[in-house]
């Protein structure tokens, strides 16, 4: 006697027609954020070139020459990556049986772009194939870690940031001053913005660390009238508008400063010493 296997309710056509497209009022699971996680650390070669062309005013041959020259100078040991079938970033390997440096492989691909005068599969504004049309699946698959490539080309990040700020300013002027938010056009725009902010944040962190090293320790730790603190405060107040081209009119008032210090309990000699430390010029 034959037996019919019970139907899996989660793979049946009825289940998919009822649940597969989502039900009104039911929050669906968003899997795209996880699938696109790789974009935070990876950028395809083509997308990187698109970013370069956004901010560099030069022909394609000059751009490719500049890119290869910069990489060869700064990091000839650059590593190429790709995204596998699980949307994970991994090392790029064109042929596991033939070894050559990633830079030499990249050079060969970009040199072809330079010779043909166009990117692979490029079409004109009307959708027609451009002169020099070619196809290259390896070119489309390879790319870089964002932090590694933009460390070599920091000015590209700066240019993209300036471009984003200019676009935002133009939109604000066109739409009025009440605009609170400007949606980023694509995931790549958003990720480029993240990379820019990370770079800016790193620069600010380095600046803070430098200022911390330069900042005197124990200011006002044991006395409110700490002479060094007072000297720094006086310089910040009395010399903020100093102009060496108009020295006499803009320099700190020596007599007024010492008088102020004497009123705070310092002897005339102590006041003169603090004023001397506060003074940034030779007298």
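Residue numbers (this note's numbering): 79 to 361. Backbone N, C-alpha and C fix where the C-beta goes; we use that ideal spot for every residue, glycine too.
Inset, instruction - State the Cα-Cα distance for the pair residue 298 and residue 319, rounded to the nearest angstrom. - result: Residue numbering aside, residue 298 sits at position 220 when the chain shown is read from its first letter. Residue numbering aside, residue 319 sits at position 241 when the chain shown is read from its first letter. Approximately 26 Å between the Cα atoms of the pair.
Legend entry - Bounding residues of the beta strand (DSSP E) (the contiguous stretch that carries residue 148): Locating residue 148 in the chain shown gives position 70, where the first residue counts as 1. Not the beta strand (DSSP E): residue 148 falls in the alpha helix (DSSP H), residues 138-152.
Legend entry - residue 308: first and last residue of the uninterrupted alpha helix (DSSP H) it sits in: The residue labelled residue 308 in the question sits at position 230 within the chain shown. Unbroken alpha helix (DSSP H) run through residue 308: 305-316.
Inset, instruction - Have a look at residue 137 and residue 207 and give me their C-alpha separation to the nearest angstrom. - result: Counting from 1 along the chain shown, the entry for residue 137 is found at position 59. Counting from 1 along the chain shown, the entry for residue 207 is found at position 129. Cα-Cα distance, rounded: 19 Å.
Legend entry - Per DSSP, the bridge partner or partners of residue 168: Along the chain shown, one-based indexing puts residue 168 at 90. Note: residue 168 sits in a beta bridge opposite 160.
Legend entry - Separation of residue 285 from residue 220, as counted between CA atoms: For the purposes of this step, residue 220 is taken as the residue at position 142 of the chain shown. For the purposes of this step, residue 285 is taken as the residue at position 207 of the chain shown. Roughly 35 Å separates the two Cα atoms.
Legend entry - residue 185: first and last residue of the uninterrupted alpha helix (DSSP H) it sits in: Walking along the chain shown from the start, residue 185 turns up at place 107. From DSSP, the alpha helix (DSSP H) with residue 185 extends over 180-194.
Inset, instruction - Measure how close the beta-carbons of residue 210 and residue 196 come, nearest whole angstrom, since I'm counting them as under 8 Å. - result: Locating residue 210 in the chain shown gives position 132, counting from the first residue. Locating residue 196 in the chain shown gives position 118, counting from the first residue. So it is a contact: roughly 5 Å between Cβ atoms.
Inset, instruction - Just list the beta strand (DSSP E) runs in the stretch 196-236, keeping only unbroken ones of 3 residues or longer that don't cross its boundaries, in chain order. - result: 221-223
Legend entry - Alpha-carbon to alpha-carbon, residue 322 and residue 311: The count along the chain shown starts at 1 and reaches residue 311 at position 233. The count along the chain shown starts at 1 and reaches residue 322 at position 244. Near 20 Å, if we compare the C-alpha coordinates of residue 322 and residue 311.
Inset, instruction - Take the Cβ of residue 224 as the centre, count every other Cβ of all protein chains shown within 10 Å, and call the residue buried at 16 or more, exposed below. - result: Counted from its first residue, the chain shown places residue 224 at position 146. So residue 224 counts as buried.
Legend entry - Distance, residue 294 Cα to residue 121 Cα: Numbered from 1 along the chain shown, position 43 holds the residue referred to as residue 121. Numbered from 1 along the chain shown, position 216 holds the residue referred to as residue 294. Answer to the nearest angstrom: the Cα atoms are 43 Å apart.
Inset, instruction - Can you give me the start and stop residues for the beta strand (DSSP E) that residue 121 sits inside? - result: Mapped onto the chain shown, residue 121 falls at position 43. Segment 120-122, the beta strand (DSSP E) holding residue 121.
Legend entry - Distance, residue 109 Cα to residue 182 Cα: Stepping through the chain shown from its first residue, residue 182 is reached at position 104. Stepping through the chain shown from its first residue, residue 109 is reached at position 31. The straight-line gap from Cα to Cα measures roughly 37 Å.
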